[in-house]
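Numbering follows the working numbering, with no gaps: position 136 of the sequence shown is 407. See below for the structure under consideration.
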Amino acid sequence: MTDSRARVPRGHRMLFVVGLLVVSGLAGLPLVDGAAERLPSRLSDQEFWKISTDSSEPDGTFRSDNLLSNEIGFPYVLAEVGRSARTGGAYLGVGPEQNFHYIAALKPKIAFIIDVRRGNLDLHLMYKALFELSSDRVEFISRLFSKKRPQGLGPRSSIQDILAAYASVPASEMLHKDNLRDVRHELEKKHGFPLSPEDLQGIEYVYNAFYTYGPDIRYSSSQGFYGGYNQPSYSELMRSADAVGQPRGYLSSEESFSFLRDLERKNLLVPIVGNFGGPSAIRAVGSYLKDHGATITAFYLSNVEQYLWRDGIWDEFCRNVATLPLDETSTFIRAVRGGRYGQGFGLNLDLGAMAVEVKDCAAH
């Protein structure tokens, strides 16, 4: 997410000029030693929960529950990512559903979502269950918003047609209760995750929000007005297209949805609680990847760095980044202020300025 009011130190405003930055060529950072990649083809339920739990830091706070991103310019970034970043390897990200767009495009072998709030982990556990329970995109949207599946939709239906069909379908309280029960069963009984009462409440909270607001849910729907004036709905985000009118969201094709569903079913999308400037989360992920001979192909940071500057923990973040297994193709994806494609979300490449900054990080 991006808060247009976040403060950035004066000397670094050049890095926050327009939109989403895609940056590659991270010279000066530690590289993988060339060992053969040994990432697992799936994680057991116990391994998934252990990685998530052992890597996590204490629950943190943020001004919003951030159930939905406000980054509507992502299709333009995905077009550029397709030209500059490589597939496979590992993906790191932060925040809610926007990660799915990048994961579907980059097709990593494993993904980690690190966020300061445990509420984001609960959100991704909800998504995990819904992906696993759904046979296709149409069923996924039915379950996400507790709406009865319309007739006439199938694998070849466009996301525009799917969302248009659901627009006139009312939310069902009965479906909502049944789906919430299914989500809990998937996580607690099928996977055996030892969810705490707080996690169960958190999952119910986020699921209730999607039921209440439906496809019109926005970044600040559930907590009043936050995050500036750029507040696209879920429906608008999923229909968002690139410069040639091609939708690129994670629900734009059955192939993208299926990749994410398979990743979730194999326990290879792992949510973690952690601050980017914190003591263990990023370092634990980096250690795991190094142990398995893997490289990070993409790291989606949203605008978190603005808060790291504000909170005085930029140096800690730099030291954490310097421990990650990166190479010259590793790509940082950043959200920044200004932009041509909606407030805060244009696209700009600034390899020179970014390379200097990342090398400064590595020096720590």
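The beta-carbon is built from N, C-alpha and C at its ideal position, and this holds for glycine as well. Please read all numbers here as calculations on a predicted model, not as lab measurements.
Next item on the list: Please name the residue in E599, I543 and C589 whose C-alpha comes closest to that of S327.
Entry: Of the candidates E599, I543 and C589, the one whose C-alpha sits nearest the C-alpha of S327 is I543.
Notebook entry, point to check: Is the distance from the Cβ of G485 to the Cβ of I430 below 8 Å?
Noted result: No. Outside cutoff.
Next item on the list: State the Cα-Cα distance for the pair L310 and D449, rounded to the nearest angstrom.
Entry: Here the alpha carbon of L310 sits roughly 36 Å from the alpha carbon of D449.
Notebook entry, point to check: Which two residues bound the contiguous alpha helix (DSSP H) that contains T568?
Noted result: In this chain, T568 is not harboured by any alpha helix (DSSP H); it is covered by the beta strand (DSSP E) spanning I567 to S573.
Item checked: Reduced DSSP secondary structure (H/G/I, E/B, other) of K537 -> Coil, per DSSP.
Next item on the list: Answer with buried or exposed for R611, where buried requires no fewer than 16 other C-beta atoms within 10 angstroms of its C-beta.
Entry: Reliability fails at R611, whose pLDDT of 43 lies under 50, so the model's placement of it is uncertain and the value that follows must be treated cautiously. R611 should be labelled exposed.
Item checked: Between the CA atoms of A480 and G344 - distance to the nearest angstrom -> Computed Cα separation, rounded: 24 Å.
Next item on the list: Classify D336 as helix, strand or coil using the three-state DSSP reduction.
Entry: If DSSP states are grouped into helix, strand and coil, D336 belongs with coil.
Next item on the list: Write down the C-beta distance between L595 and G557 rounded to the nearest angstrom, noting that I regard them as a contact closer than 8 Å.
Entry: Contact between L595 and G557 holds, with the beta-carbon distance rounding to 4 Å and staying under 8 Å.
Check: Which one of Q502, L471 and A400 has the shortest CA to CA distance from R532?
Finding: With distances taken between Cα atoms, R532 lies closest to A400.
Check: For G234, which option in E351, L415 and R388 has the closest C-alpha, if you only look at C-alpha atoms?
Finding: Outside the modelled stretch of the chain, which goes from 272 to 635, sits residue 234, for which no answer is possible.
Item checked: 8 Å Cβ shell around K537 - same chain, five flanking residues per side excluded -> For K537, where only same-chain residues beyond five positions count, the Cβ hits under 8 Å are S312, R313 and L314.
Notebook entry, point to check: For the candidate residues I488, F402 and K418, whose alpha-carbon lies nearest to that of V454?
Noted result: Closest by alpha carbon: F402.
Margin query: For F616 and Y362, I'd like the C-alpha separation in whole angstroms.
Written below: Unreliable placement is indicated for F616, whose pLDDT of 39 sits below 50; no coordinate value is reported for it.
Checklist line | Three-state secondary structure (DSSP) of G364 | finding: Collapsing the DSSP output to three states places G364 in a strand.
Check: Sorted by chain position, which residues of the same chain lie with C-beta nearer than 7 Å to H395's C-beta, five sequence neighbours on each side aside?
Finding: Sequence-distant partners of H395 (beyond 5 residues in either direction) whose C-beta falls short of 7 Å from its own C-beta, in its chain, are I384 and P542.
Notebook entry, point to check: Whose C-beta lies closer than 7 Å to the C-beta of S527 among residues of the same chain, with five residues either side of it excluded?
Noted result: Contacts found: A375 and Y521.
Notebook entry, point to check: At which residue ranges does the stretch 379 to 419 contain complete beta strand (DSSP E) runs of 3 or more residues, listed in the order of the chain?
Noted result: Within the stretch 379 to 419, the complete beta strand (DSSP E) runs of at least 3 residues are 381 to 386.
Item checked: Same chain, Cβ closer than 7 Å to E459, neighbours up to 5 away in sequence not counted -> Take E459, set aside five residues on each side of it, and the residues of its chain with a beta-carbon closer than 7 Å to its own are L466, in chain order.
Check: Quick one: what does DSSP say Y505 is sitting in, helix, strand or coil?
Finding: Reduced to three states, the DSSP call for Y505 is helix.
Next item on the list: Take K419 and list the residues in its own chain whose beta-carbon comes closer than 8 Å to its own, dropping the five residues that flank it on each side.
Entry: So the qualifying residues of the chain are S413, V440, S443 and L446.
Next item on the list: Ignore the nearest five residues each way along the sequence and tell me which others in G613's own chain have a CB closer than 7 Å to its CB.
Entry: Here the model assigns G613 a pLDDT of 40, short of 50, so the residue's position is not dependable and the matter cannot be decided.
Check: What is the residue span of the alpha helix (DSSP H) that A480 lies within?
Finding: Per DSSP, the unbroken alpha helix (DSSP H) holding A480 starts and ends at P468 to Y484.
Item checked: Span of the alpha helix (DSSP H) around L452 -> The displayed chain sequence assigns Arg, not Leu, to residue 452. Segment E444 to R455, the alpha helix (DSSP H) holding R452.
Item checked: 8 Å CB neighbourhood of L338 in its chain, flanking five on each side removed -> So the list reads P367, L394, V477, A480, F481, I488, Y490, S492 and S493, once near-sequence residues are dropped.
Checklist line | Exposed unless 16 or more other CB atoms sit within 10 angstroms - verdict on H462 | finding: Flag for H462 reads buried.
Note to self: Considering only their Cβ atoms, is the gap separating S601 from I567 smaller than 8 Å?
What the structure shows: Against a cut-off of 8 Å, the Cβ pair of S601 and I567 comes out as a contact.
Note to self: Report the CB separation of L377 from V409 in whole angstroms; it is logged as a contact under 8 Å.
What the structure shows: Contact between L377 and V409 is ruled out by a C-beta separation of about 25 Å, above the 8 Å threshold.
Notebook entry, point to check: So which of G516, L539 and D513 has the shortest CA-CA distance to D316?
Noted result: Comparing Cα-Cα distances from D316 to each of G516, L539 and D513, the minimum goes to L539.
Item checked: Cross-strand partners of P518 (DSSP beta bridge) -> As computed with DSSP, P518 is found in a beta bridge with A512.
Checklist line | Proximity winner among A356, N391 and Y398, relative to P379 (alpha-carbon distances) | finding: Closest option to P379, Cα to Cα, is A356.
Next item on the list: Could you tell me the boundaries of the alpha helix (DSSP H) in which R590 lies?
Entry: Residues W585 to V592.
Item checked: Spatial neighbours of L579 in its chain, beta-carbon cut-off 7 Å, leaving aside the 5 residues before and after -> So the qualifying residues of the chain are F547, G548, W585 and F588.
Notebook entry, point to check: How big is the Cα-Cα spacing for F411 and Y398?
Noted result: Cα to Cα, the separation comes out at about 9 Å.
Next item on the list: For P301, I'd like the list of residues in its chain whose CB is within less than 6 Å of its CB, leaving aside the five on either flank, ordered along the chain.
Entry: At P301, the pLDDT of 49 sits below 50, so the modelled position is not reliable; the number obtained from the coordinates is stated separately. Result list for P301: empty, nothing under 6 Å.
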